[in-house]
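Colleague: In my numbering, the protein residues as written are 304 to 737.
Quick reminder that beta carbons are idealized off the backbone N, C-alpha and C, glycines included.
Note that this is a predicted model, so its numbers are computed, not measured.
My questions will all concern the structure given below.
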């Protein structure tokens with residue numbers, strides 16, 4: 304009788320919204336990650352002159368972050384699983400925020416490379432641990448939104464950063480943004496540790512109704528356990544095609560993350576204030592595309608063939624990017640070049656939601672392992688891109704590296720068309736779903 308009364312009370316109770324507050328904190332740290340990544344790109348035109356850095360040296364400084372980020376992707380995810388997301392995320396945010404602040408004390412190219420490498424080591428754990436943090440705090444029907452929103456927000460962080468950095472540089476010098484952004488990360492880490500709990504049942508603000516909703520989703524999420532079938536994963540063609548496609552994406556998008564402000568000043572001859580505005584605009588387009596790509600692909604999948612739905616977005620996104628990059632590169636007017644650059648970033652970011660969805664399509668319980676491989680390849684592309692671009696600009700000017708980037712977008716289309724999202728890892732092709 305008492306159980307029936309408890310069930311009745313539970314059914315009438317309105318679930319608390321603590322999971323939404325957790326999601327808001329995750330969205331905020333995604334914004335901070337991109338702010339901390341691109342702040343050096345906006346400050347570099349001034350830093351280069353103050354520290355006497357060559358264009359090639361600047362490329363290696365940008366690359367240092369990417370190597371730390373790429374090499375510690377999988378260790379970062381392991382660390383989150385080992386100690387729990389509450390402690391792990393607070394620790395890695397403190398780690399990279401300290402190195403963000405230490406960047407302001409750099410006096411040479413070597414000191415900058417060291418700071419950026421260890422900054423990348425810390426940020427490598429951000430997305431894997433944040434995803435793990437949401438695993439017990441997200442309802443099954445809210446998972447797509449809970450993944451798409453933070454990624455879109457991170458691009459808005461990239462959009463906000465250039466004008467903010469320019470304002471700080473003009474008022475207080477190039478070191479000020481690194482101190483300010485480092486402090487912001489430490490404040491977030493303190494708030495996260497105070498509010499978040501690894502299990503919803505441990506949180507004082509979660510009522511019984513919300514706990515019941517989360518428990519039902521958690522059972523589904525953790526129902527399948529076992530060893531990761533690495534042999535099947537590493538011999539699967541779709542895994543390799545996806546990883547190579549994401550390598551091309553990583554190489555291309557890094558040009559806009561690291562080099563676009565420098566390009567605007569050196570090749571388009573805009574002043575610092577104008578650069579701050581122009582460098583931010585493409586990321587607004589990117590945020591829109593990031594939300595829209597996965598949503599559009601899911602809508603197409605519900606109407607027909609899953610493989611076609613994923614491939615259509617890949618084809619559209621990289622085709623737009625390939626054409627827009629060339630149009631921006633050879634445009635006569637600066638405003639026209641920036642508008643085409645918006646289209647280029649839009650096309651590249653249109654593919655991101657699909658790329659992160661395909662591991663779920665083919666991997667099931669092992670989607671995380673496949674996503675880690677994909678993201679490692681993407682960040683290897685991002686690590687090679689800035690250093691190679693420095694040499695290309697020195698030898699050939701700015702048009703060659705952007706043209707090469709357009710060629711990589713065409714290569715990404717080829718790899719994307721070879722993927723089979725409807726077929727699970729290890730599943731024979733004749734049994735693949737439509």
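Are the CB atoms of residue 435 and residue 503 within a distance shorter than 7 Å?
Modeller: Residue 503 sits at position 200 when you count from the first residue of the chain shown. Residue 435 sits at position 132 when you count from the first residue of the chain shown. Result no, Cβ atoms of residue 503 and residue 435 do not sit closer than 7 Å.
Colleague: What is the residue span of the alpha helix (DSSP H) that residue 404 lies within?
Modeller: To locate residue 404, count along the chain shown from 1; it is residue 101. Run containing residue 404: 388-406, per the alpha helix (DSSP H) assignment.
Colleague: DSSP three-state call for residue 384: helix, strand or coil?
Modeller: Locating residue 384 in the chain shown gives position 81, counting from the first residue. In this structure, residue 384 counts as helix in the three-state DSSP scheme.
Colleague: By the 10 Å Cβ neighbour count, where 16 or more other Cβ atoms means buried, how is residue 513 classified, buried or exposed?
Modeller: Position 210 of the chain shown, counting from 1, holds the residue named residue 513. With 16 or more other Cβ atoms within 10 Å, it is buried.
Colleague: Just mark residue 468 as buried or exposed, buried being the case when its beta carbon has 16 or more other beta carbons within 10 Å.
Modeller: Working through the chain shown from its first residue, we reach residue 468 at position 165. Burial call: buried.
Colleague: I'd like the list of long-range same chain contacts for residue 544, defined as Cβ closer than 8 Å, with 5 residues on each side in sequence excluded.
Modeller: Your numbering for residue 544 matches position 241 in the chain shown. So the list reads 718, 719, 721 and 722, once near-sequence residues are dropped.
Colleague: With a 10 Å radius around its C-beta and 16 neighbouring C-beta atoms as the bar for buried, classify residue 540 as buried or exposed.
Modeller: In the chain shown, the residue the question calls residue 540 occupies position 237. Exposed: under 16 other Cβ atoms inside 10 Å.
Colleague: Using the C-alpha atoms, what's the distance from residue 455 back to residue 508?
Modeller: Position 205 of the chain shown, counted from the start, is the residue given in the question as residue 508. Position 152 of the chain shown, counted from the start, is the residue given in the question as residue 455. Each residue's alpha carbon lies about 28 Å from the other.
Colleague: For residue 613, does the count of other Cβ atoms within 10 angstroms reach 16, so buried, or fall short, so exposed?
Modeller: Sequence index remark: in the chain shown, residue 613 carries index 310 (1-based). Per the 10 Å Cβ criterion, buried.
Colleague: What's the C-alpha gap between residue 572 and residue 638?
Modeller: Locating residue 572 in the chain shown gives position 269, counting from the first residue. Locating residue 638 in the chain shown gives position 335, counting from the first residue. For residue 572 and residue 638, the distance between alpha carbons rounds to 12 Å.
Colleague: In chain order, what residues of the same chain have a beta carbon less than 6 Å from the beta carbon of residue 748, not counting five sequence neighbours either side?
Modeller: Since the first and last residues shown for the chain are 304 and 737, residue 748 lies out of range.
Colleague: So, under 8 Å CB-CB, residue 395 and residue 428 are touching, yes? Tell me the CB distance rounded to an integer number of Å.
Modeller: Walking along the chain shown from the start, residue 395 turns up at place 92. Walking along the chain shown from the start, residue 428 turns up at place 125. Going by Cβ atoms, the distance from residue 395 to residue 428 rounds to 4 Å, so yes, they are a contact pair.
Colleague: Which residue comes first and which comes last in the alpha helix (DSSP H) that contains residue 569?
Modeller: Taking the first residue of the chain shown as 1, we reach residue 569 at position 266. Element bounds for residue 569: 563-569.
Colleague: Express the C-alpha separation of residue 587 and residue 724 in angstroms, rounding to a whole number.
Modeller: On the chain shown, position 421 is the one that residue 724 refers to. On the chain shown, position 284 is the one that residue 587 refers to. Going by the C-alpha atoms only, they are around 29 Å apart.
Colleague: For residue 318, which of 706, 567, 655 and 440 has the nearest alpha-carbon?
Modeller: Here residue 318 refers to the residue found at position 15 when the chain shown is read from its first residue. Comparing Cα-Cα distances from residue 318 to each of 706, 567, 655 and 440, the minimum goes to 440.
Colleague: Consider the C-beta atom of residue 558 and the heavy atoms of the ligand ADP; say whether any pair is separated by less than 6 Å.
Modeller: No copy of the ligand ADP occurs in the structure displayed, which carries no ligand at all.
Colleague: Using a Cβ-Cβ cut-off of 7 Å (strictly less than) and excluding sequence neighbours within five positions of residue 651, which residues of its own chain qualify?
Modeller: To locate residue 651, count along the chain shown from 1; it is residue 348. So the list reads 552, 555, 556, 620 and 624, once near-sequence residues are dropped.
Colleague: Identify, in the order they occur along the chain, each residue of the same chain with its Cβ nearer than 8 Å to the Cβ of residue 496, setting aside the five sequence neighbours on each side.
Modeller: The count along the chain shown starts at 1 and reaches residue 496 at position 193. The residues are 389, 390 and 393.
Colleague: What would DSSP say about residue 647, mapped onto helix, strand or coil?
Modeller: Here residue 647 corresponds to residue number 344 of the chain shown, with the count starting at 1. Correct three-state label for residue 647: helix.
Colleague: Check whether the region 670-686 touches the region 368-375, counting contact only when three or more Cβ pairs, one atom from each stretch, lie closer than 8 Å.
Modeller: A contact exists between the region 670-686 and the region 368-375.
Colleague: Since residue 604 and residue 628 should fall inside the 8 Å C-beta cutoff, what is the C-beta to C-beta distance between them, to a whole number of angstroms?
Modeller: Residue numbering aside, residue 604 sits at position 301 when the chain shown is read from its first letter. Residue numbering aside, residue 628 sits at position 325 when the chain shown is read from its first letter. 28 Å between Cβ atoms; not a contact.
Colleague: Can you confirm whether the region 355-365 touches the region 474-485 when touching is taken to mean that 3 or more C-beta pairs between the two stretches lie within less than 8 Å?
Modeller: No, the region 474-485 does not touch the region 355-365.
Colleague: Can you list, in chain order, the residues of its chain with a C-beta nearer than 6 Å to that of residue 510? Leave out the 5 residues immediately preceding and following it.
Modeller: Start at 1 with the first residue of the chain shown, and residue 510 comes out as number 207. 319, listed in sequence order.
Colleague: Could you please give the first and the last residue of the uninterrupted alpha helix (DSSP H) stretch that includes residue 543?
Modeller: Locating residue 543 in the chain shown gives position 240, counting from the first residue. Taken as a continuous stretch (DSSP letters only), the alpha helix (DSSP H) holding residue 543 covers 540-557.
Colleague: Who are the Cβ neighbours of residue 757 in its own chain at under 6 Å, not counting the five residues just before and after it?
Modeller: In the structure as shown, the chain starts at 304 and stops at 737, and residue 757 therefore has no counterpart that could be examined.
Colleague: For residue 352, tell me which candidate among 673, 643, 692 and 411 has the shortest Cα-Cα distance.
Modeller: By 1-based counting over the chain shown, the position of residue 352 is 49. Residue 411 is the option with its Cα nearest to residue 352.
Colleague: For a quick check, are the C-beta atoms of residue 477 and residue 584 less than 7 Å apart?
Modeller: As a working mapping, residue 477 is identified with position 174 in the chain shown. As a working mapping, residue 584 is identified with position 281 in the chain shown. No, they are not a contact pair.
Colleague: Alpha carbon to alpha carbon, what distance is there between residue 633 and residue 701?
Modeller: Residue 701 sits at position 398 when you count from the first residue of the chain shown. Residue 633 sits at position 330 when you count from the first residue of the chain shown. Spanning the two alpha carbons is a distance of roughly 10 Å.
Colleague: Using the C-alpha atoms, what's the distance from residue 709 back to residue 494?
Modeller: Residue numbering aside, residue 494 sits at position 191 when the chain shown is read from its first letter. Residue numbering aside, residue 709 sits at position 406 when the chain shown is read from its first letter. Approximately 42 Å between the Cα atoms of the pair.
Colleague: What would DSSP say about residue 721, mapped onto helix, strand or coil?
Modeller: The residue labelled residue 721 in the question sits at position 418 within the chain shown. Residue 721: coil per DSSP, three-state reduction.
Colleague: Under 7 Å, do residue 578 and residue 564 count as touching if we go by C-beta distance?
Modeller: Here residue 578 refers to the residue found at position 275 when the chain shown is read from its first residue. Here residue 564 refers to the residue found at position 261 when the chain shown is read from its first residue. In this structure, residue 564 lies closer than 7 Å to residue 578 by Cβ.
Colleague: Smallest Cα separation from residue 675: which of 470, 533, 500 and 699?
Modeller: The sequence position of residue 675 within the chain shown is 372, counting from 1. Nearest option by C-alpha distance: 533.
Colleague: Buried or exposed: where does residue 458 fall if 16 or more other Cβ atoms within 10 Å of its Cβ makes it buried?
Modeller: Locating residue 458 in the chain shown gives position 155, counting from the first residue. With 16 or more Cβ atoms within 10 Å of its Cβ, residue 458 is classed as buried.
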